[in-house]
Amino acid sequence: MQNSDTEASVEDQYFSLSQKFITLEHQYNVLKGNYDTLKHTNTTFKSEIKSLRQDLQKKHDRIIDMRQRIYDLHDDLDDVNRRLDDAVTRLNERDSSFDYTKGFFYLTLGLDATKSYTPSEITKAYKRVYMFKHSDKARADICSDESRTILEAKDYLIEGSCDLELNDPQTEYQNLFKLRQEEYFNTLSRIFSVERERNRLQEELDVVKQQLKDAQASARLHSIGFSTGFYSVSAGSFSTWIFLNE
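Sequential numbering of the sequence shown, starting at 1, is according to the working numbering.
Here you go:
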């Protein structure tokens, strides 16, 4: 009789222990599932952060390029502004009658109409303007008259004569001078457009930086408590440690 009671007691304890181990196994599986989910989430965050960093670098590079363009345009603008101011000053202060024909050809080559230049300087200016005017093939098809004027300007300023005769040198000069002023203001307009684009890119950069900051903060928040991989699981009077880190 005593043996029967003992066997029954052992079976009860075995059954109780079996239930507790089943419960522990279930809790382990739940924790393992949570860990795998967070591990996947962490991988996703890392991928998103990498993508954001790449986009951030691209936008940063674009801003650097835009800034360089702004610096270049400012230099060009300053140069044009100085030349225009100097030309206006010299025209207002001239003591002798102004040669509008020569002035027209000087402006054609992008030179100061109130100064004198050597044949070498005139030839260099001719080549520079000619290459600039023909840098766009689409425009080269419609600027034959302008090309001829550039060539005639070089001949006139170096040799003193050319085949091109201006009907009204003063009017032609004034019209060309106005054109140069329009080019100056167009350059100014382009600078303002580039500046607006730079400001827009800067705003986009700030947004991306904030997104990256938020993603990093979220990734850190989800990783708290999972860096060691140890969790405590209790069941009844039993306690065990489960190592989850793989």
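Positions of the beta carbon are idealized from the N, C-alpha and C atoms, including for glycine.
Note that the structure is predicted; figures quoted are calculated from it, not measured.
{"Item": "How big is the Cα-Cα spacing for Asp95 and Asn186?", "Value": "With a pLDDT of 49 at Asp95, under the threshold of 50, the modelled position of that residue is not reliable, and the figure given next carries that caveat. Whole-angstrom Cα-Cα distance: 33 Å."}
{"Item": "Measuring straight from C-alpha to C-alpha, what distance separates Arg67 and Asp163?", "Value": "46 Å"}
{"Item": "Under 8 Å: do the segment 194 to 211 and the segment 116 to 129 share three or more Cβ pairs, one atom per stretch?", "Value": "no"}
{"Item": "Rounding to the nearest angstrom, what Cα-Cα distance links Leu188 and Leu77 in this structure?", "Value": "7 Å"}
{"Item": "Keeping to the same chain, check which residues put their C-beta closer than 7 Å to that of Val80; ignore five residues upstream and five downstream.", "Value": "Tyr184 and Thr187"}
{"Item": "Could you have a look at Tyr130 and say whether DSSP puts it in helix, strand or coil?", "Value": "helix"}
{"Item": "So what does DSSP say about Leu157, is it helix, strand or coil?", "Value": "helix"}
{"Item": "Once you ignore the five residues that flank Ile122 on each side, which residues in its own chain have a CB closer than 8 Å to its CB?", "Value": "Leu109, Leu111, Lys154, Leu157 and Ile158"}
{"Item": "What do you get for Phe105, buried or exposed, if any count of 16 or more other CB atoms within 10 angstroms of its CB means buried?", "Value": "buried"}
{"Item": "Can you list, in chain order, the residues of its chain whose CB lies under 8 Å from that of Glu204, leaving out five sequence neighbours each side?", "Value": "Lys59"}
{"Item": "Please decide whether Gln57 counts as near chain C, where near means a Cβ-Cβ distance under 7 Å.", "Value": "The displayed structure is made up of one protein chain only, and chain C is not part of it."}
{"Item": "For Gln170 and Tyr117, which I take to be in contact (beta-carbon distance under 8 Å), what is that distance rounded to the nearest angstrom?", "Value": "That pair is no contact at about 21 Å."}
{"Item": "At the level of alpha carbons, what is the spacing between Leu31 and Phe15?", "Value": "24 Å"}
{"Item": "The alpha helix (DSSP H) with Phe98 in it runs from where to where?", "Value": "Unbroken run through Phe98: none, as it is neither H nor E."}
{"Item": "Secondary structure at Ala113, three-state DSSP: helix, strand or coil?", "Value": "coil"}
{"Item": "Distance, Cα to Cα, Glu11 vs Phe21?", "Value": "15 Å"}
{"Item": "Using a 10 Å radius around the Cβ and a threshold of 16 neighbouring Cβ atoms, would you call Ala217 buried or exposed?", "Value": "exposed"}
{"Item": "Where does Tyr173 land, buried or exposed, given buried means 16+ other C-beta within 10 angstroms?", "Value": "buried"}
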